[in-house]
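Protein chains in written order, with this note's numbering: chain A, 1468 to 1580; chain B, 254 to 369. Virtual Cβ for every residue (Gly too), placed ideally from N, Cα, C. Step one of this worksheet: look at the structure below.
Set out below in C-alpha cells:
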C-alpha cells in the first residue's frame, strides 16, 4: 500500500459535534499533508507538517479546524462544532523519496447530518 | 492564481481502445506535474510524476507528456482495460517553500469507464 493508514474510514456525526480524524504514516518520512475532497470538487489543501518545523496551516478553512502531529508520526485532524459543509473525504498523504512524490491514504469520509 | 482544468469530465470507451486524457493549466511556472488515479471510495495512487525539466514519463501502458509553454499535459492510456476504470486527476506544483513544502493544485478529474 501507500504506507498511510487513516481512521475512521467513515464517520457520521451530528451538526455541532466535534470529530477527530487520524493519520498514521509509516516511519521515515517527515512530510505529511492533509487534503479535503468535497463532492464534485477537486482536492483542497488543508495543512502540511515537515519534521519539527512549524506546520503550514494556510489551507485550514476556519478556526474550527486544527491539526497536530505527535512525535513526528501520527497526526490528528480535529474539526470542532461540525457543520454540514464539512462533509467531505479527508485525505492524508506522506512525502516520498523523490521531490514532489505523494502517497495518499484511503481517506476518512465524514458526513455531518 | 493557478487553475487546473481537466476535460472531459467523464469518458466511456470500449475495451482495447487507446485514449488520451487532458489537463490544462493557466500558469506555466510549475515545478512538477503528477497524474493520480482514484478508485471509488479509495485514496489517490500516483501514476506518473513529470519534473518541469522533463517532457514525458512512461510506465507500462501509460505515457504522460508535459508542454509547459502551452499549459498542457496529456495522459495516454494504450489498449485500455476494464481495470483502468477510475477517476484520473492531474496535480501540479508551483514550487517549493522554505520548509520543503509544495502545495499541489488539483484538477477536478476525468472519470473513465472502460467497458468489456
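>> Looking at the secondary structure, which residues open and close the beta strand (DSSP E) in which residue 342 of chain B lies?
In response: 339-346
>> Can you tell me where the beta strand (DSSP E) holding residue 1535 of chain A begins and where it ends?
In response: 1532-1536
> Is the beta carbon of residue 1531 of chain A sitting closer than 8 Å to the one on residue 1556 of chain A?
Replying inline: no
>> Out of B/363, B/254, B/310, which one is the CA nearest neighbour of residue 278 of chain B?
In response: B/254
>> Strictly under 8 Å for the Cβ-Cβ distance: is residue 1574 of chain A near chain B by that measure?
In response: yes
> Nearest-angstrom Cα distance between residue 1543 of chain A and residue 1490 of chain A?
Replying inline: 6 Å
> Does DSSP put residue 309 of chain B in a helix, a strand or coil?
Replying inline: strand
> Under a Cβ-count criterion, where at least 16 other Cβ atoms within 10 Å of its own Cβ denotes burial, should residue 1548 of chain A be classed as buried or exposed?
Replying inline: exposed
>> Need the endpoints of the beta strand (DSSP E) that residue 320 of chain B sits in, please.
In response: 315-320
> Whose CA, out of A/1551, A/1503, A/1525, lies closest to the CA of residue 1574 of chain A?
Replying inline: A/1503
> Which ranges does the beta strand (DSSP E) cover as unbroken runs of at least 3 residues, wholly within the region 1480-1534 of chain A, from first to last along the chain?
Replying inline: 1486-1492, 1498-1504, 1510-1517
>> Run through the DSSP bridge pairs and tell me what residue 1547 of chain A is partnered with.
In response: Paired residue(s): none; residue 1547 of chain A is not in a bridge.
> To the nearest whole angstrom, what separates the beta carbons of residue 367 of chain B and residue 327 of chain B, a pair I think is in contact under 8 Å?
Replying inline: That belief does not hold up - the Cβ atoms of residue 367 of chain B and residue 327 of chain B are roughly 18 Å apart, past 8 Å.
> List, in order along the chain, the chain A residues whose C-beta lies closer than 7 Å to that of residue 355 of chain B?
Replying inline: 1567
> Taking the beta strand (DSSP E) that residue 329 of chain B falls in, what are its first and last residues?
Replying inline: 325-330
> Which term fits residue 1572 of chain A, buried or exposed, when burial requires 16 or more other beta carbons within 10 angstroms of its beta carbon?
Replying inline: buried
> Using the rule of at least 16 other Cβ atoms within 10 Å of the residue's Cβ for burial, across every protein chain shown, is residue 287 of chain B buried or exposed?
Replying inline: buried
> Quick one: Cα of residue 263 of chain B to Cα of residue 340 of chain B, how far?
Replying inline: 9 Å
> Between the Cα of residue 321 of chain B and the Cα atoms of B/335, B/315, B/345, B/289, which residue gives the shortest distance?
Replying inline: B/345
> In whole angstroms, what separates the C-alpha of residue 1515 of chain A from that of residue 282 of chain B?
Replying inline: 22 Å
>> Are the CB atoms of residue 312 of chain B and residue 270 of chain B within a distance shorter than 8 Å?
In response: no
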